[in-house]
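Some notes on the structure that comes next.
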Amino acid sequence: MPKAEKQNTNYLFELIKSLNKPEKGYFRKYFCKDDGVGKNNYVVLFDLLDGFEEYDEEKINKTIHKKLTGANLPSLKNYLYEQILKSLRAYHAGDSIASELREILSNVEVLFAKKLFQQALSLNQKGKQKAINLDLPHQTILFLMMERNLLSLMHTFPAKRETVFNDILSEIINLENSTKLFHLDSQITDISNQFYPPRDETLMQDIINMHKLLQPFENKNLPPRSQLLFNSIAATYFYFIQEPVKALTLRKANLSVYDANPDIKSSNQKNYVTALINFIAVAHAVDDLPAAQKGITLLEKVKASSVTEAHNYQEILFSFKLFTLTHTTNKEAALNLIKQADAFFESVPSSSPHRNISLFRICLYYFNENDLEIAAERIHLLLQRGFTDWQQRIPTHARFLQIIIHYELDNTFLLDSLIRSCYRFLKKKELLYEPERIMLNFFKRLVTKHKSETIPLFKKLRNDLEESAKNRFNNNFFNEYNYINWLDKKIQVLSPVAKSV
Numbered sequence: 001m002p003k004a005e006k007q008n009t010n011y012l013f014e015l016i017k018s019l020n021k022p023e024k025g026y027f028r029k030y031f032c033k034d035d036g037v038g039k040n041n042y043v044v045l046f047d048l049l050d051g052f053e054e055y056d057e058e059k060i061n062k063t064i065h066k067k068l069t070g071a072n073l074p075s076l077k078n079y080l081y082e083q084i085l086k087s088l089r090a091y092h093a094g095d096s097i098a099s100e101l102r103e104i105l106s107n108v109e110v111l112f113a114k115k116l117f118q119q120a121l122s123l124n125q126k127g128k129q130k131a132i133n134l135d136l137p138h139q140t141i142l143f144l145m146m147e148r149n150l151l152s153l154m155h156t157f158p159a160k161r162e163t164v165f166n167d168i169l170s171e172i173i174n175l176e177n178s179t180k181l182f183h184l185d186s187q188i189t190d191i192s193n194q195f196y197p198p199r200d201e202t203l204m205q206d207i208i209n210m211h212k213l214l215q216p217f218e219n220k221n222l223p224p225r226s227q228l229l230f231n232s233i234a235a236t237y238f239y240f241i242q243e244p245v246k247a248l249t250l251r252k253a254n255l256s257v258y259d260a261n262p263d264i265k266s267s268n269q270k271n272y273v274t275a276l277i278n279f280i281a282v283a284h285a286v287d288d289l290p291a292a293q294k295g296i297t298l299l300e301k302v303k304a305s306s307v308t309e310a311h312n313y314q315e316i317l318f319s320f321k322l323f324t325l326t327h328t329t330n331k332e333a334a335l336n337l338i339k340q341a342d343a344f345f346e347s348v349p350s351s352s353p354h355r356n357i358s359l360f361r362i363c364l365y366y367f368n369e370n371d372l373e374i375a376a377e378r379i380h381l382l383l384q385r386g387f388t389d390w391q392q393r394i395p396t397h398a399r400f401l402q403i404i405i406h407y408e409l410d411n412t413f414l415l416d417s418l419i420r421s422c423y424r425f426l427k428k429k430e431l432l433y434e435p436e437r438i439m440l441n442f443f444k445r446l447v448t449k450h451k452s453e454t455i456p457l458f459k460k461l462r463n464d465l466e467e468s469a470k471n472r473f474n475n476n477f478f479n480e481y482n483y484i485n486w487l488d489k490k491i492q493v494l495s496p497v498a499k500s501v
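Numbering follows the numbering used here, with no gaps: position 269 of the sequence shown is 269.
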């Protein structure tokens, strides 16, 4: 089979397997017509490919040639591919604002072709106003261009020429600004996904340079979507340079933009959910629990469009709710929340980064409560999971916590191997920054001392970490767990022991 046909089969198979049950049902009902004798060849091909669980080129091709002998397969595959896309367009017509506006514009074009100019203009005005309300400059420009064409044929163009052209030029400027902001947003998002949090001067300088590119947009009356992008970029910048309070102000401003523009909010739910997630995360970073709870309440009210999306929202909500475990004294409420989370985690397996954060926060709770056996078991299970590159801060702290837990449990036979394993991990991931080196050196010295001799080591660790935290690149090491608070408690507990000895 030629290479093009191989690719064609693979693409067709992927498209068919992406269909959910209602989409398949719609396709079979409205697009699978028989020819009076039996199924059309493209229907046979659809059923055949749908019957395979996974793509096996050799088996699929063998079955195709057996079932459809003599058929023009490349042409048949292309036709089926186009029919499925046509079916999906019909099934999802009106599901999105973009498709709704395209449909309005298509209807305007039909009326235009029939020379029903007044009807076309009336419908075009409705579409244009909808695009303006939703702050979609590219769609608005299309309606404005159609308005120009209609007015010219209706002999009313001269009187409205300046208004129409000024509107077009204004929307072009809006489109240019939103494109530049979107480009900046994607750049800073790439950095945050790959190198969060920033730990060196070069990376920080890249972020600072990107922030400088925002200056032309400052103090401008930007359209809603552009304002959302501007606020998001600036908030990410301030969060990176350890100014989370400013970041929180900008994240809160974005929620206000959505509240002031309900059409944009309802038509762009995924971005609204992202805005809520970012707001809650920064509120937690500054320990503003009331603000975080407000965001959580808003997120709980968002209606999911599918079971998968509902599970994803629940996953995110648990990761945020479990943050409060380190801020509560209500043990019954804490254990009840953990019980709910465990039940969800068991029923809905996931490799989500939010799941990893949730599991780590549960480990921290049991550690802080001195339930060390449970904490040890939980931390072991957590470290068996996979972690994305940008999320290596979780396994870093989990490894440190694992060493501390087994030290407290007097499992001295494990400590040397755990410390070595932690070092290898940090070296491999290129995460041997100053705070990490301080922690490793502390562990190496700790295992050589009797517990009655460890107070100087704990005090030195506290001083070293406190000094290291003054460096903004090291300060974000403490985002996941505040070792200094733990050390204060540890030193207080050990002091009487040292005096009695």
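Ideal Cβ placement from N, Cα and C applies to all residues, glycine included.
Judging by CA-CA distance, which residue of the options is the nearest neighbour of residue i?
i	options	result
aspartate 488	Asp410, Asn368, Lys427, Val302	Asn368
tyrosine 42	Phe27, Phe52, Glu53, Glu54	Phe27
serine 358	Gln314, Lys303, Glu373	Gln314
aspartate 167	Leu150, Met145, Leu181	Met145
glycine 295	Tyr79, Thr274, Leu494, Lys428	Thr274
phenylalanine 443	Thr236, Tyr407, Asn330, Leu48	Tyr407
asparagine 441	Ser452, Arg420, His138, Ser186	Arg420
phenylalanine 473	Pro435, Gln492, Phe46	Pro435
lysine 427	Thr396, Lys180, Lys451	Thr396
proline 514	Leu101, Asp206, Leu446, Gln118	For residue 514 there is no data in the structure shown, the boundaries of the chain being 1 and 501.
valine 493	Leu372, Gln293, Thr454, Leu222	Thr454
aspartate 259	Leu298, Gln293, Tyr423	Leu298
glutamate 300	Lys321, Ala283, Glu14, Glu54	Lys321
lysine 460	Ile172, Tyr483, Leu415, Thr69	Tyr483
phenylalanine 323	Leu88, Tyr81, Asn479, Arg148	Asn479
asparagine 463	Phe52, Ile394, Ile438, Leu289	Ile438
isoleucine 394	Thr412, Ile405, Asn268, Pro353	Pro353
lysine 180	Ile233, Ala292, Phe458	Ile233
methionine 154	Lys130, Asn219, Ala120	Ala120
leucine 418	Glu430, Ile16, Leu401	Leu401
With a cut-off of 8 Å on the beta carbons, I'd call residue i and residue j a contact; round off their distance for me.
i	j	result
lysine 128	phenylalanine 143	4 Å
valine 108	leucine 123	5 Å
arginine 385	cysteine 363	Contact flag wrong, Cβ pair sits at about 12 Å.
phenylalanine 182	leucine 229	6 Å
valine 245	valine 286	6 Å
leucine 76	leucine 45	6 Å
aspartate 342	proline 224	That belief does not hold up - the Cβ atoms of aspartate 342 and proline 224 are roughly 41 Å apart, past 8 Å.
phenylalanine 279	leucine 255	6 Å
leucine 457	arginine 445	6 Å
tyrosine 524	serine 87	Shown here, the chain extends from 1 to 501; a query on residue 524 therefore has no answer.
Helix or strand or just coil, what does DSSP make of residue i?
i	result
glutamate 243	coil
aspartate 190	helix
leucine 15	helix
arginine 385	coil
alanine 469	coil
serine 319	helix
histidine 183	helix
methionine 1	Interpretation of methionine 1 is limited by its pLDDT of 38, a score under 50 that renders its predicted location unreliable; no figure is taken from the coordinates.
leucine 446	helix
glutamine 392	coil
lysine 77	helix
proline 224	helix
threonine 63	helix
lysine 303	coil
glutamate 309	helix
arginine 251	helix
serine 351	coil
glutamate 369	coil
asparagine 166	helix
alanine 498	Only weak support is given to the placement of alanine 498: the predicted model assigns it a pLDDT of 49, under 50, and the question is left unresolved by the model.
asparagine 72	coil
tyrosine 55	coil
arginine 199	coil
Could you give the first and the last residue of the continuous alpha helix (DSSP H) run that contains residue i?
i	result
cysteine 32	Looking at the DSSP string, cysteine 32 is not in any alpha helix (DSSP H), and its letter there is neither H nor E.
methionine 146	137 to 153
lysine 267	According to the sequence displayed, residue 267 carries serine and not lysine. Residues 262 to 267.
glutamine 340	331 to 347
aspartate 416	412 to 428
serine 122	117 to 133
glutamate 100	97 to 113
leucine 213	No alpha helix (DSSP H) contains leucine 213, which DSSP labels as neither H nor E.
phenylalanine 46	41 to 50
Check whether the Cβ of residue i lies closer than 6 Å to any heavy atom of the ligand GDP, and answer yes or no.
i	result
asparagine 485	Among the components of this structure there are no ligands whatsoever, and the ligand GDP is therefore not found.
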